[in-house]
Amino acid sequence: MSRTYATDEQYERWFLAECCRCGRRKHKAGTWPDGYVCRTCSDRAVRTRGTCPGCCQDRALPGLRPGDGAAICTTCAGFSQTFDCSRCGFEGKLLGGRLCERCTLADRLTALLDDGTGRVRPELTPLFDLLVAMDKPSSGLAWLAMRRDQPGNASERLRQIGLGQIPLTHDAFHELQPWRSPLTWKNC
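Start counting the sequence shown at 51; every next residue gets the next number (the working numbering).
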C-alpha cells in the first residue's frame with residue numbers, strides 16, 4: 051500500500067497540528083470552531099454532558115464559550131458537525147457508522163450471542179439487556195476487546211454461549227479453563 055504523502059514534512063502538515071485545547075502536537079481529530087482538536091480532547095469534550103449555559107438544554111457540551119471557556123453545546127458553539135447517533139439519536143462520542151457507543155455495543159453483543167438465526171439466543175436476552183444497559187458502554191466495548199489473542203477471552207466465551215457450545219449451567223462455567231491457567235501460558 052502506498053503512502054498518500056510523499057515526504058515526512060507533508061505527513062506533518064496534513065495530519066498533525068497543535069491542539070487548541072491541550073496545546074500538544076498530536077494527530078488531528080477534527081477542526082472545531084476554536085481550532086484543531088486532538089483525539090484525547092475530542093473524546094473528553096464529546097463525553098461531557100450537562101445543561102448548556104447558552105440555550106439551557108441538557109446535551110453534550112463539546113464547545114467552549116469564548117469569554118469564559120464554559121462548556122457549551124454544538125449549536126451555541128457554532129459547530130458545523132453533529133455528534134448524533136444515526137440509529138438512536140443520542141448525542142455523544144460516535145464510532146463506526148456514526149453509531150454511539152451503546153448502539154455499537156448492542157451490535158457486537160448481538161453478533162456474539164447470535165444462535166445462528168441472526169438473533170440473540172432467547173435464553174440470553176436478559177444477559178444481553180443487562181450488558182447493553184450498563185452505565186458506561188465504553189467499558190463493555192473494552193471488555194469485549196480485551197485479550198483477543200488469548201483463548202478464553204470474553205468475546206470467544208460469549209460466542210460459544212450464543213451457539214450453545216457452553217451449556218447455561220453453573221457446572222459448565224466451573225469446568226471452563228481460566229484464561230490465566232498454566233496451560234495457556236506460552237513457553238519461553
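Ideal placement from N, C-alpha and C gives every residue a C-beta, glycine not left out.
Contact between the stretch 206-217 and the stretch 161-176 is established, with three or more Cβ pairs separated by less than 8 Å. Boundaries for Glu173: no beta strand (DSSP E) harbours it, and the DSSP string shows neither H nor E there. For Gln131, the closest alpha carbon among the candidates Cys88, Thr154, Gly113 and Ala120 is that of Gly113. For Ala110, the pairing in a beta bridge is given by DSSP as Arg99. A check of alpha carbon separations from Ala204 across Lys186, His220, Glu151 and Leu226 identifies Leu226 as the nearest. Take Thr167, set aside five residues on each side of it, and no residue of its chain has a beta-carbon closer than 8 Å to its own.
Linking Ala156 to Phe140 through their CA atoms gives a straight-line distance of about 14 Å.
Excluding residues up to 5 positions away in sequence, Glu151, Arg152 and Leu155 lie with their Cβ nearer than 7 Å to the Cβ of Pro187 in the same chain. Here Cys88 is buried, its C-beta having at least 16 other C-beta atoms within 10 Å. Within the DSSP bridge table, the entry for Trp82 names Gly85 as partners. By a beta-carbon distance limit of 8 Å, Ala110 contacts Thr98. Their separation comes to about 7 Å.
DSSP places Ala204 in the uninterrupted alpha helix (DSSP H) bounded by Ala204 to Gly212. For Glu151, the secondary structure class from DSSP, reduced to helix, strand or coil, is helix.
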